[in-house]
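J.: Count along the sequence shown starting at 1, add 19, and that's the number in this note's numbering. Let me begin by handing over the structure; questions about it come next.
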Amino acid sequence: MGGQTRAVRSIRTEECCICLDPLTYAPTTTLTCAHIFHSLCLAGIHKLKVKQACPLCRTPLSNGPEKIFTEANQRYHMVCSFVEEGQSTWAALLAPLQRELNKALVGWRVAAEMGLVEAHYNLAMMYEKGRGVAQSNSEATRWFLKAAEQGHEHAQFKLNIMYSCGIGGVELDYEEEKRWRMKAAEQGLAEAQYWVGRSFEGNDGIATLVNDEEAVSWYEKAGDQGHLDAQNKLGEMHAEGRGVAQSDVHAAQWYKKAADQGDAHAQYEFGSMCEDGRGVPQSDAEAVHWYSEAANQGDIYAQFNLGNMYHYGRGVAQNYAVAAQLYHEAAKICHGGAQCQLGNYYADGCGVAQDYEEAVKWYKKSARQEYAQAQLKLGLCYELGQGVVQNDVEAARWYKYAAYQGFAEAQFKLGFLFEIGRGVAQSDTDAAQWYKEAAEEGFSEPGIVWIP
């Protein structure tokens, strides 16, 4: 009777009948039987090896950690939707949204107290982002560690990142970094598997043994789950024969998988294989299709190659104006080949109005990236005085840059300047040497016969 009297008194005075503190002191949970208790008190009951029932009426508990966690998630995602729609911000949530977020946090804490690993991870993320709580890397790490020790692969990978950077209150520790990364990878987390592959390639700076075969094995695990970077890596390694037998067919297959997911780099690579007929039937039309997909995403290599397709009319109707636009897009982002080709277009008035000064501008940009053809063309502009003041010294300088890169026409031009002594001191010896190198590169000028 005494217990019943206490229970009745607690309901009337709005107390939690477990701890006897007022219900207003802490977040509460209402059971399906309508009795109300402090959430953390219910969590304590859940951890005991007793019948999971209402302390008052013994109705079986249906508010297990999974249900509490789900309800908290629903509250959180509702708040997220308002923020994403611009109706509030995380820094200054509207009061009703802040209340919902607080309830979500309480729900996750209760579920975490009940041992639900996903709740540990969610709390860690909230501390990391500072949502609803003061941002705290150390608290985030504490919750990540709780989740990771229970086998949560995303938490394990988070710890890998923290140890790799020495953040979140932990010291930089490559051994711990590798340990947590491997745990996540062994549980099947694709991102972790990809980075284990990278470590076996020696690309993270901490691999003790480079092993391309192991790298391929881990990339395949991640690639089979649709990991784009892993699929691109597998395309690269099959194409180069690293860790696997060289196979353009398999390279094309992996690039195609990533290309179908919309990855611009893979679309460019697969388009290149279609253009060359490597691993797939040669098809200019297919090349144009994949170059277009990648170019529309801003891939400068695809923009350049697609410009070439329009320039030569391969797989698409020849169109110099469209080619010029594509070259310009790639040239703006410092693609040396596109800058040189755009210079050619301005010099020749092809697809754009002829403008030698504009041609020189683009030749210079390309030449400074050590693009040999642009260096040759810039030398020609100085030699002929097109778009710049005529200057044999500058012409010889740019010819020399291209000549040292083995560009045969530049070697011949430089030899000629040495022969006649323009822009350089006259030297038959130097002239003969450069003529010889040009000839060995296969250069032939009409009317000139090389006599060894």
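Glycine is no exception: its CB is placed at the ideal position from the N, C-alpha and C atoms. This structure is a prediction, so every number in the text was calculated from the model and none was measured.
Just grab the DSSP bridge partners of Ile319 for me.
T.: Beta-bridge analysis with DSSP links Ile319 to no other residue.
J.: Report buried or exposed for Ala458, applying the criterion of at least 16 other Cβ atoms within 10 angstroms of its Cβ.
T.: buried
J.: Please name the residue, chosen from Ser446, Val408 and Leu395, that lies closest to Gly425 on a Cα-to-Cα basis.
T.: Leu395
J.: CA-CA distance, Ala62 and Glu132?
T.: 6 Å
J.: For Ala72, which residues does DSSP report across the bridge?
T.: Pro79
J.: May I have a chain-ordered list of the alpha helix (DSSP H) segments no shorter than 4 residues that lie completely inside the region 382–444?
T.: 391–403, 411–423 and 427–439
J.: Pop quiz: Gly298 and Ala271 are said to be a contact at Cβ under 8 Å. What is the actual Cβ separation, rounded to whole angstroms?
T.: 3 Å
J.: Return the CA-CA distance between Cys184 and Gly245, expressed in angstroms with no decimal places.
T.: A direct Cα-to-Cα measurement between Cys184 and Gly245 gives close to 27 Å.
J.: Please list the terminal residues of the continuous beta strand (DSSP E) segment that includes Phe101.
T.: No beta strand (DSSP E) contains Phe101, which is instead part of the alpha helix (DSSP H) from Pro84 to Glu103.
J.: Are the Cβ atoms of Asn324 and Ala285 separated by less than 8 Å?
T.: no
J.: Quick one: give me the first and last residue of the alpha helix (DSSP H) that Ile180 is part of.
T.: For Ile180, the uninterrupted alpha helix (DSSP H) segment begins and ends at Glu172 to Cys184.
J.: Please report how far the alpha carbon of Pro74 lies from the alpha carbon of Tyr238, in whole angstroms.
T.: 53 Å
J.: For Trp417, collect the residues of the same chain with a Cβ closer than 6 Å to its Cβ; drop the 5 residues on either side in sequence, then sort them by chain order.
T.: Gln394, Leu397 and Gly398
J.: Excluding the five sequence neighbours on either side, which residues of its own chain have a C-beta within less than 6 Å of the C-beta of Lys384, listed in chain order?
T.: Cβ within range, chain order: Gln358.
J.: Among Gln301, Lys380 and Ala159, whose alpha-carbon lies nearest the alpha-carbon of His347?
T.: Lys380
J.: Shortest alpha-carbon distance to Phe88 belongs to which of Cys76, Ser58 and Leu42?
T.: Ser58
J.: What is the DSSP secondary structure of Thr48, reduced to helix, strand or coil?
T.: strand
J.: Which residues bound the beta strand (DSSP E) around Phe474?
T.: In the structure as shown, the chain begins at 20 and stops at 471. Residue 474 is therefore absent and cannot be evaluated.
J.: Measure how close the beta-carbons of Leu120 and Tyr95 come, nearest whole angstrom, since I'm counting them as under 8 Å.
T.: 7 Å
J.: So does the region 171–178 actually touch the region 193–206, counting three or more Cβ pairs closer than 8 Å?
T.: Pairwise C-beta distances place the region 171–178 in contact with the region 193–206, as three or more of them are shorter than 8 Å.
J.: Do Ala336 and Tyr364 come within 8 Å of each other at the CB atom, strictly closer than that value?
T.: Their beta carbons are not under 8 Å apart, which means Tyr364 does not touch Ala336 by this criterion.
J.: Touching or not, the region 121–128 and the region 140–156, by the rule of three or more beta carbon pairs under 8 Å?
T.: yes
J.: With distances taken from CA atoms, which of Glu402, Asn410 and Gly362 is nearest Gln392?
T.: Gly362
J.: On the DSSP bridge list, what partners appear for Pro41?
T.: In DSSP, Pro41 forms a bridge with Glu34.
J.: With DSSP as the reference, label Ala458 as helix, strand or coil.
T.: helix
J.: To the nearest angstrom, how far is the alpha carbon of Val407 from that of Tyr401?
T.: 6 Å
J.: Residues in the same chain with beta-carbon distance under 6 Å from Ile19, minus the five sequence neighbours each way, listed in chain order, please.
T.: As displayed, the chain neither begins before 20 nor continues past 471, which places residue 19 out of reach and without an answer.
J.: Count the CB pairs spanning the region 187–194 and the region 212–221 that are closer than 8 Å, and state whether there are at least three.
T.: no
J.: With DSSP as the reference, label Thr108 as helix, strand or coil.
T.: DSSP, reduced to helix, strand and coil, places Thr108 outside both helices and strands of the structure shown, so it counts as coil.
J.: Since Gln280 and Leu247 are thought to touch, with beta carbons under 8 Å apart, how far apart are those beta carbons, to the nearest angstrom?
T.: 6 Å
J.: Taking the Cβ atom as the reference point for each residue, do Gln445 and Phe437 lie within a distance shorter than 8 Å?
T.: Between Gln445 and Phe437, the CB-CB gap stays under 8 Å.
J.: Identify the continuous alpha helix (DSSP H) that holds Ala167 and give its terminal residues.
T.: Asn156 to Glu168
J.: By the 10 Å Cβ neighbour count, where 16 or more other Cβ atoms means buried, how is Ala450 classified, buried or exposed?
T.: Per the 10 Å Cβ criterion, buried.
J.: Just to check my reading of the structure: Gln360 and Gly326 have Cβ atoms closer than 8 Å, yes? What is that Cβ distance to the nearest angstrom?
T.: 7 Å
J.: If distances are taken between C-alpha atoms only, which option among His257, Trp309 and Lys276 comes closest to Cys293?
T.: Trp309
J.: Select from Glu33, Val102, Pro84 and Leu50 the residue whose C-alpha is nearest the C-alpha of Thr43.
T.: Glu33
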